[in-house]
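What follows is one structure encoded as structure tokens, with my remarks underneath.
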Amino acid sequence: MYQLIFSELKNGFDGVRKEFTSIPFAPDNTDYQQFVRDIKNGVELKDAEGNQMTPEQITTFLETLP
Amino acid sequence: MATYGTVNAENITSSTGGVISPNITSLRNRIINGAGTISQYNGSTATTNTAGSYYFMDRWLVYDGSGGSHFSVGQNKGGVTPPTGFTNYIGINVTSAVSASASNNFSLQQQIEGFNIADLAWGTASAKTVTLSFWVYSSLTGTFGGSLRDNGADYFYPFSFSIPVANTWTQISITITGATGGTWLTNNGRGIGVLFDLGLGSSFQGTGGAWTTNSYYTVTGATPLVGTNGANYYITGVQLEVGAQATSFDYRPYTTELALCSRYAKVYGGYQFAATGYIAHNSSTTAYVVFPTGAPMRATPTLTCPSPTSVSIPGGYNVSSFGSVYADTAGAIGTAVTLAAGTVGEGIALYTNATTITLSAEL
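From first to last, the protein sequence lines stand for chains A and B. In this text, residue positions in the first sequence follow our numbering: the first is 194, and each later residue adds one. In this text, residue positions in the second sequence follow our numbering: the first is 144, and each later residue adds one.
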């Protein structure tokens, strides 16, 4: 399960949290690459407030990723 | 009278009237931490692996494709005497034996960054021959396996070697013709994947000693270490170098080896100051801190802290959670921090207490 991290510096989402880790939206980061694979495979994603995102919301969100 | 001339050779192992070291480069060994000298993640404490890729020593991971917890791993795990000239090794012990299914993958791996193999010209007709050498020790005997592969895992060189005597260090050297096929990254991505088989299923086994597009991560008939409870596998002096023969291990200064490792991971912990920064002027519970990293990491790292609330800010505050991680090209790594309480505009320092903060940009 991943949860989005809201960045006040960038005024948007620029990372996700999974258990004890903060994973940046950086294409060269292998954890980020795994996150993208996991989400495409149906792993749960929550927004910054902890609300479960719908498949439609996730699909739309994936299009915004680097 | 001195005689001067031009020498056209890949390796010079001796000369008359002069001292010439073989294959002199600043990175003769493309493997980093090949002697297990650096162990930022866990020091000399053995840990149990998790599922998938589990980095337990700098640059070294065990891969467990069957749920994790099959190995106890660590620097000098098992406490045997390393080969002469070495003080450390990479240690693996099977704590929960399993019979690998056809598609299981249990292995020890190091992913070499593309920048560090760019001169090999792999994927071209000019591909250079390399030699992989290492010392290995196991409680099991027989044929063992491993492989080199490209980033996309679509071009493999499976190799085999023999451990003839149990619980004895054996030196291995394997010469590998340069790969004229495959896709070999020459940037900050995965250049060469070096793998040692700890129990790969039959789907990943094939004939060794030649490049193939088949997914042969190891050789047919290799001994499956993970199948024997209590079995051990220790390795050190791992070296991958240009040329058709193994040369002596490329000892690098400790600070150099640590700096090379720090491109991929930095660990702050054990009652240390980890970062300095300030509490935001517009929020008493949001702070920004910068870690001292020294040099740019390979990529913007993942931050891991098993117990954020254990991280304190001397003076009265504690961390609640860590937010986004930032990196710039000059090397600074910063992160947002959420505090339970604070005072706007104050300068702060993070103190780890008993927990750790790890920045990882491993491959």
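Don't be surprised by glycine CBs; every beta carbon is placed ideally from N, CA and C. Note that the coordinates shown come from a computational prediction; the quantities given were computed from them, not determined experimentally.
Task: Residues from the segment 323-339 of chain B in contact with chain A, defined by Cβ distance under 8 Å - done: 331 and 332
- [ ] Using a threshold of 8 Å, state whether the C-beta atoms of residue 189/B and residue 212/B are closer than that.
- [x] no
Open item on the list: I need the boundaries of the beta strand (DSSP E) containing residue 90/B, first residue and last residue.
Closed with: Nothing about residue 90/B can be reported from this structure: the residues present for chain B run from 144 to 506 only.
- [ ] Please confirm if residue 468/B has its CB atom under 8 Å from at least one CB of chain A.
- [x] yes
Task: Reduced DSSP secondary structure (H/G/I, E/B, other) of residue 229/A - done: helix
Open item on the list: So, at 8 Å on beta carbons, what are the nonlocal neighbours of residue 255/A in its own chain, with the 5 sequence-adjacent residues on each side left out?
Closed with: 229, 232 and 233
TODO: Measure the Cβ-Cβ separation of residue 311/B and residue 280/B and say whether it is below 8 Å.
DONE: yes
Open item on the list: Counting only beta-carbon separations shorter than 8 Å, does residue 249/B have a partner in chain A?
Closed with: no
Task: residue 199/B versus residue 368/B - alpha carbon distance - done: 18 Å
TODO: Could you tell me which of 290/B, 248/B, 227/B and 217/B sits nearest to residue 235/B, measuring between CA atoms?
DONE: 217/B
TODO: Give the residues of chain A in contact with residue 465/B, contact being defined as C-beta atoms less than 7 Å apart.
DONE: 215
Open item on the list: I'd like to confirm the pairing. Which residues does DSSP put opposite residue 375/B in its beta bridges?
Closed with: 236/B
Open item on the list: Taking CB distances under 8 Å as the criterion, tell me whether residue 222/A reaches chain B.
Closed with: yes
Task: Proximity below 8 Å, CB of residue 334/B to CB of residue 328/B - done: yes
TODO: Assuming residue 445/B contacts residue 481/B (C-beta within less than 8 Å), just tell me the rounded distance between them.
DONE: That belief does not hold up - the Cβ atoms of residue 445/B and residue 481/B are roughly 18 Å apart, past 8 Å.
Task: Every unbroken beta strand (DSSP E) inside the segment 185-256 of chain B [3 residues or more] - done: 195-200, 203-207, 214-218, 233-237 and 249-256
- [ ] Please list the residues of the segment 475-498 of chain B that have a C-beta atom closer than 8 Å to any C-beta atom in chain A, keeping them in chain order.
- [x] 478 and 479
Open item on the list: Within 8 Å of any Cβ in chain B, is that where the Cβ of residue 232/A sits?
Closed with: no
Task: Neighbour-count burial assignment, residue 416/B, 16 or more Cβ in a 10 Å radius - done: exposed
Open item on the list: Tell me the DSSP secondary structure of residue 336/B in three-state form.
Closed with: strand
TODO: Measuring only between beta-carbons, confirm whether residue 235/A sits less than 8 Å from chain E.
DONE: In the structure shown, chain E does not exist; the protein chains are A and B.
TODO: Go ahead and pull the three-state DSSP assignment for residue 196/A.
DONE: strand
Open item on the list: Going by beta-carbon coordinates alone, are residue 400/B and residue 172/B separated by less than 8 Å?
Closed with: no
Open item on the list: At a cut-off of 7 Å, would you count residue 342/B as near the ligand GTP, judging by its Cβ distance to the nearest heavy atom?
Closed with: This structure lacks the ligand GTP, and indeed carries no ligand of any kind.
- [ ] Provide the residue span of the alpha helix (DSSP H) that contains residue 250/A, from first to last.
- [x] 248-255
Open item on the list: Taking CB distances under 8 Å as the criterion, tell me whether residue 506/B reaches chain A.
Closed with: yes
Task: Element boundaries [beta strand (DSSP E), containing residue 579/B] - done: This structure cannot speak to residue 579/B, because chain B is shown only from 144 to 506.
Open item on the list: According to DSSP, is residue 297/B part of a helix, a strand, or is it coil?
Closed with: coil
- [ ] Could you please give the first and the last residue of the uninterrupted beta strand (DSSP E) stretch that includes residue 461/B?
- [x] 460-470
Task: Cβ-Cβ separation, residue 499/B to residue 449/B (assumed contact under 8 Å), whole Å - done: 7 Å
Open item on the list: Buried or exposed for residue 359/B, going by 16 or more other Cβ atoms inside 10 Å?
Closed with: buried
TODO: Look at residue 402/B and residue 503/B and say whether their C-beta atoms are less than 8 Å apart.
DONE: no
Task: Nearest to residue 419/B (by Cα), restricted to the options 322/B, 457/B and 393/B - done: 457/B
TODO: Taking only the alpha-carbon atoms, compute the straight-line gap between residue 183/B and residue 405/B and give it to the nearest angstrom.
DONE: 9 Å
Task: N-terminal and C-terminal residue of the beta strand (DSSP E) that residue 350/B is part of - done: Premise fails: residue 350/B is in no beta strand (DSSP E) and is neither H nor E.
TODO: Pull up the CB-CB distance for residue 341/B and residue 251/B, whole angstroms please, since I reckon it's below 8 Å.
DONE: 6 Å
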